[in-house]
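What follows is a short report on a single structure.
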Amino acid sequence: MAGKKVIFVAFAIEDERQRDFLKGQSLSTKSPFDYVDMSVKEAYSSEWKERVRTRIRRSDGVIVLVSKNSLSSSGQKWEIACAREEKKPVLGLWIYKDDRTNLEGVRTVVWTWAAIENFINGL
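As numbered in full-length UniProt numbering, residues 1 to 123 make up the sequence shown, in order.
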């Protein structure tokens, strides 16, 4: 599909399953975006940061999967800061029904396909 948007997904490693759900949702619908997965289970080296920055630069926007785990995820915090430095639009999605964690500076909404689609269509 021409005109697909590339979206970088930032998440805490503890929320990997929700990232998988987002991936599944994008595959099972006529998704208007391509998905970039940069998850790692290793230390955040300068090489990792450069790879992430390159992918964020190539992305049209960044979706942040927000939960209480986000507050202690140094990797996710760095990805969000990088997205801001690269002036990429950012949308936070609350990924758990009973968790409304607030990440300073990240506009966060309830996870719905409509919310994702509206963000992507606005890019």
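We put the CB at the ideal spot given by N, CA and C, even for glycine. A quick note: this is a predicted structure, and the numbers were derived from the prediction, not measured.
Rounded separation between residue i and residue j - CA only
i	j	result
Lys-68	Glu-104	13 angstroms
Asp-60	Thr-54	12 angstroms
Phe-11	Asp-20	11 angstroms
Phe-119	Ser-45	31 angstroms
Ile-56	Ala-83	6 angstroms
Val-62	Leu-71	18 angstroms
Thr-112	Glu-50	31 angstroms
Trp-94	Thr-101	8 angstroms
Lys-77	Glu-47	17 angstroms
Given residue i as reference, the closest of the options once Cα atoms are compared
i	options	result
Glu-115	Val-90, Glu-16, Ile-13	Glu is not the amino acid found at residue 115; the sequence shown has Ala there. Closest by alpha carbon: Val-90.
Ala-81	Asp-15, Asn-102, Val-106, Thr-101	Val-106
residue 201	Asp-98, Glu-16, Val-6	Lying outside 1 to 123, the shown extent of the chain, residue 201 is not represented and no answer is given.
Ile-7	Lys-88, Lys-77, Trp-94	Lys-88
Glu-117	Ile-13, Ser-26, Gln-18	Ser-26
Boundaries (first-last residue) of the alpha helix (DSSP H) holding residue i
i	result
Gly-75	74–85
Residue i - DSSP class collapsed to helix/strand/coil
i	result
Gly-24	helix
Leu-123	coil
Val-52	helix
Leu-103	coil
Lys-97	coil
Ile-7	strand
Ser-46	helix
Ala-115	helix
Unbroken beta strand (DSSP E) run spanning residue i, endpoints
i	result
Leu-91	90–94
Leu-65	61–66
Thr-108	108–110
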